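Peer 1:
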Amino acid sequence: PDNPIPQYFSILRRDLRGTEKPVRFTEQPILRILPGNSNLLFHFGSFATGISTENIWWGPGQFNGLHISDNANGFFHGTFRTTKPAKTFLGNFEGQYFMGRLDGYGGPYFSDSTALNLLPIKEEESYRYFTGLSLSYNPKWIKGLFFGFSRTFQVYREDMDRNLRAWFPLFDPLPKQGTGVIENILLREDQHFSVFTRYLIPKAKTEFYFEYIRNDHSLNWRDLILNPEHSRAFLVGLSKAVEQSNGSFWYIRSEYAHTQAPINNIVRPGGDGVGVYYNGQVDQGLTHRGEVLGSSIG
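Okay, so the sequence shown: first residue is 252 according to this note's numbering, each after it adds one.
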């Protein structure tokens, strides 16, 4: 065709509109001085609170962190977290709450001067407020069993002044109907919610684990039950240690992670282009400085 740009735009819109993942980070060298994995924390008992730029890794995955991992640069955040299991009469609890900021990449999608870089990509003027909570529970009666959940929200900073609720979106209902369908759609924010479990068998030196994460809010609980694959990813894994006669060990580790956009994008109204790390309400997706915060695959 005379003008191939619209065709290319249609093919690449999931990256150009849905998440900020440049093909290559410019043609020029990049030099930055960063604090790296640093923190300033006050420790008390099983807890610590303070500020940090450390990478966060949530979930049981050993090779992939579906929700937050070390794939991207660490982001600046204030945190309250456990440093070891907090023991109670019900069992042990571990978790973290944070409030931080995510920055955009700001460069072209392609590193060269191709015409595709002239596509009308929307650029936000402000950074994103990012907050999250993760909690894991180990019942007193089943020592090897762990299960938990995590939830994060990112909101454009320029939208934060409208009300106090924007600072604490973690307490919003999970379905869209709880907030209001139209109201939820119009909000320039994006949530991620995951559940996970892990089971250890010390005598067999074996571990099994599973995690399921979802991006887009379900319309209601019926929608979640009937269409659980929408905007989701999951992983399953196992690890086993085999002791040798000389006291050493062989380790068998296997993990399967699935982050591909589901087939229901074809038939679900308004679902085209929605995946686990991009939804459309936040143009950059779940990224920091052009890198996905979750798993790097897919």
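Glycine included, every Cβ here is placed at the ideal spot set by N, Cα and C. From a predicted model like this one, the values you see are computed outputs, not experimental measurements.
Determine the direct distance from the alpha carbon of ALA417 to that of ASP410, and round the result to whole angstroms.
Peer 2: The residue you call residue 410 lines up with position 159 of the sequence shown. The residue you call residue 417 lines up with position 166 of the sequence shown. One C-alpha to the other measures close to 8 Å.
Peer 1: May I have the straight-line CA-CA distance separating PHE459 from THR510, to the nearest angstrom?
Peer 2: Here residue 459 refers to the residue found at position 208 of the sequence shown. Here residue 510 refers to the residue found at position 259 of the sequence shown. Cα to Cα, the separation comes out at about 20 Å.
Peer 1: Quick check on the DSSP output: what are the complete beta strand (DSSP E) runs of length 3 or more inside the segment 472-505, in order along the chain?
Peer 2: 483-494
Peer 1: Go ahead and pull the three-state DSSP assignment for PRO371.
Peer 2: As a position in the sequence shown, residue 371 is number 120, starting the count at 1. Caution is warranted here: a pLDDT of 47 is assigned to PRO371, below 50, making its placement in the model unreliable, and no coordinate value can be reported.
Peer 1: Once you ignore the five residues that flank ASN530 on each side, which residues in its own chain have a CB closer than 6 Å to its CB?
Peer 2: Counting from one through the sequence shown, the residue named residue 530 turns up at place 279. In chain order, ASP441, ASN466 and ASP467 place their CB closer than 6 Å to the CB of ASN530, counting only its own chain and leaving out the 5 sequence neighbours on each side.
Peer 1: Cα separation between ILE464 and PHE340?
Peer 2: Residue numbering aside, residue 464 sits at position 213 when the sequence shown is read from its first letter. Residue numbering aside, residue 340 sits at position 89 when the sequence shown is read from its first letter. Cα to Cα, the separation comes out at about 30 Å.
Peer 1: Nearest CA to the CA of VAL543: which residue from SER303, SER320 and SER490?
Peer 2: The residue labelled residue 543 in the question sits at position 292 within the sequence shown. Nearest C-alpha to VAL543: SER320.
Peer 1: Tell me the rounded alpha-carbon separation between ASN290 and LEU475.
Peer 2: Position 39 of the sequence shown holds residue 290. Position 224 of the sequence shown holds residue 475. So the alpha carbons of these two residues sit roughly 38 Å apart.
Peer 1: In the DSSP assignment, what are the bridge partners of SER303?
Peer 2: Counted from its first residue, the sequence shown places residue 303 at position 52. In the DSSP output, where bridge partners are listed per residue, SER303 has ASN290 and HIS328.
Peer 1: Starting from the C-beta of GLU345, find all residues in its chain whose C-beta is less than 6 Å away, skip the five residues before and the five after it, and write them out in chain order.
Peer 2: What you label residue 345 is simply residue 94 of the sequence shown in a count that begins at 1. Here the set comprises THR333, PRO336 and SER387.
Peer 1: Nearest to TRP501 by CA position, among LEU477, THR538, LEU470 and THR457, is which residue?
Peer 2: Here the question's residue 501 lines up with position 250 in the sequence shown. Of LEU477, THR538, LEU470 and THR457, the residue nearest in Cα terms is THR457.
Peer 1: Is the distance from the Cβ of VAL518 to the Cβ of ILE503 below 8 Å?
Peer 2: Taking the first residue of the sequence shown as 1, we reach residue 518 at position 267. Taking the first residue of the sequence shown as 1, we reach residue 503 at position 252. Their beta carbons are not under 8 Å apart, which means VAL518 does not touch ILE503 by this criterion.
Peer 1: What are the complete beta strand (DSSP E) segments, minimum 3 residues, inside the segment 370-450?
Peer 2: 379-390 and 396-407
Peer 1: With a 10 Å radius around its C-beta and 16 neighbouring C-beta atoms as the bar for buried, classify LEU282 as buried or exposed.
Peer 2: Start at 1 with the first residue of the sequence shown, and residue 282 comes out as number 31. Counting of Cβ neighbours within 10 angstroms places LEU282 among the exposed residues, the total staying below 16.
Peer 1: Am I right that PRO426 and SER482 are in contact with their C-beta atoms under 8 Å? What's the rounded C-beta distance?
Peer 2: Sequence index remark: in the sequence shown, residue 426 carries index 175 (1-based). Sequence index remark: in the sequence shown, residue 482 carries index 231 (1-based). The Cβ separation is near 14 Å, so there is no contact.
Peer 1: So what does TYR463 bridge to, in DSSP terms?
Peer 2: Looking up residue 463 in the sequence shown gives position 212. In the DSSP output, where bridge partners are listed per residue, TYR463 has VAL446 and PHE485.
Peer 1: Please state if the CB of SER385 and the CB of TRP309 are separated by a distance shorter than 8 Å.
Peer 2: Numbered from its first residue, the sequence shown carries residue 309 at position 58. Numbered from its first residue, the sequence shown carries residue 385 at position 134. Yes, the Cβ-Cβ distance between TRP309 and SER385 is below 8 Å.
Peer 1: From which residue to which residue does the beta strand (DSSP E) around GLY342 run?
Peer 2: Here the question's residue 342 lines up with position 91 in the sequence shown. That run of the beta strand (DSSP E) goes 342-353.
Peer 1: Once you ignore the five residues that flank GLY395 on each side, which residues in its own chain have a CB closer than 7 Å to its CB?
Peer 2: Residue mapping note: residue 395 aligns to position 144 of the sequence shown, counting from 1. Excluding sequence neighbours, GLY395 sits near TYR450, LEU451, ILE452 and PRO453.
Peer 1: Count the other CB atoms, across all protein chains shown, that sit within 10 Å of the CB of PRO390; report buried if there are 16 or more and exposed otherwise.
Peer 2: Within the sequence shown, residue 390 is the residue found at index 139, counting from 1. Label assigned to PRO390: exposed.
Peer 1: If you draw a straight line from the alpha carbon of GLU434 to that of GLN532, how long is it in whole angstroms?
Peer 2: Along the sequence shown, read from residue 1 onward, the residue named residue 434 stands at position 183. Along the sequence shown, read from residue 1 onward, the residue named residue 532 stands at position 281. In a straight line, the C-alpha of GLU434 is about 12 Å away from that of GLN532.
Peer 1: Please report the residue range of the beta strand (DSSP E) in which THR339 lies.
Peer 2: The residue you call residue 339 lines up with position 88 of the sequence shown. For THR339, the enclosing beta strand (DSSP E) starts and ends at 337-339.
Peer 1: Taking the alpha-carbon of ALA323 as reference, which of GLN313, THR304, PRO311 and THR330 has the nearest alpha-carbon?
Peer 2: Taking the sequence shown and counting its residues from 1, one reaches residue 323 at position 72. Out of GLN313, THR304, PRO311 and THR330, THR304 has the C-alpha closest to the C-alpha of ALA323.
Peer 1: Using the rule of at least 16 other Cβ atoms within 10 Å of the residue's Cβ for burial, across every protein chain shown, is ALA512 buried or exposed?
Peer 2: By one-based count along the sequence shown, residue 512 stands at place 261. Per the 10 Å Cβ criterion, buried.
Peer 1: Report the CB separation of THR312 from LEU489 in whole angstroms; it is logged as a contact under 8 Å.
Peer 2: Taking the sequence shown and counting its residues from 1, one reaches residue 312 at position 61. Taking the sequence shown and counting its residues from 1, one reaches residue 489 at position 238. Per the sequence presented here, residue 312 reads as Gly, with Thr not at that position. Taking C-beta atoms under 8 Å as the contact rule, GLY312 and LEU489 fail to qualify, at a distance of about 12 Å.
Peer 1: According to DSSP, simplified to helix, strand and coil, what is THR538?
Peer 2: In the sequence shown, counting from the first residue as 1, residue 538 sits at position 287. Correct three-state label for THR538: strand.
Peer 1: I think THR277 touches TYR528, with their Cβ atoms under 8 Å apart; what is that distance to the nearest whole Å?
Peer 2: As a position in the sequence shown, residue 277 is number 26, starting the count at 1. As a position in the sequence shown, residue 528 is number 277, starting the count at 1. About 22 Å; that fails the 8 Å criterion.
Peer 1: Which partner residues of GLY526 appear in the DSSP bridge assignment?
Peer 2: Numbered from its first residue, the sequence shown carries residue 526 at position 275. Bridge partners of GLY526: TYR529.
Peer 1: Whole angstroms are fine: how far does the CA of GLU506 sit from the CA of LEU537?
Peer 2: Position 286 of the sequence shown, counting from 1, holds the residue named residue 537. Position 255 of the sequence shown, counting from 1, holds the residue named residue 506. LEU537 and GLU506: Cα-Cα distance of roughly 23 Å.
Peer 1: Alpha carbon to alpha carbon, how far is GLY498 from GLY545? Give it in angstroms, no decimals.
Peer 2: For this step, residue 545 is matched to residue 294 along the sequence shown. For this step, residue 498 is matched to residue 247 along the sequence shown. Between GLY545 and GLY498, the C-alpha separation is close to 37 Å.
Peer 1: Below 6 Å CB to CB, which residues in the same chain sit around PHE314 once its five sequence neighbours on both sides are set aside?
Peer 2: Along the sequence shown, one-based indexing puts residue 314 at 63. Taken in chain order, the residues that qualify are GLU506.
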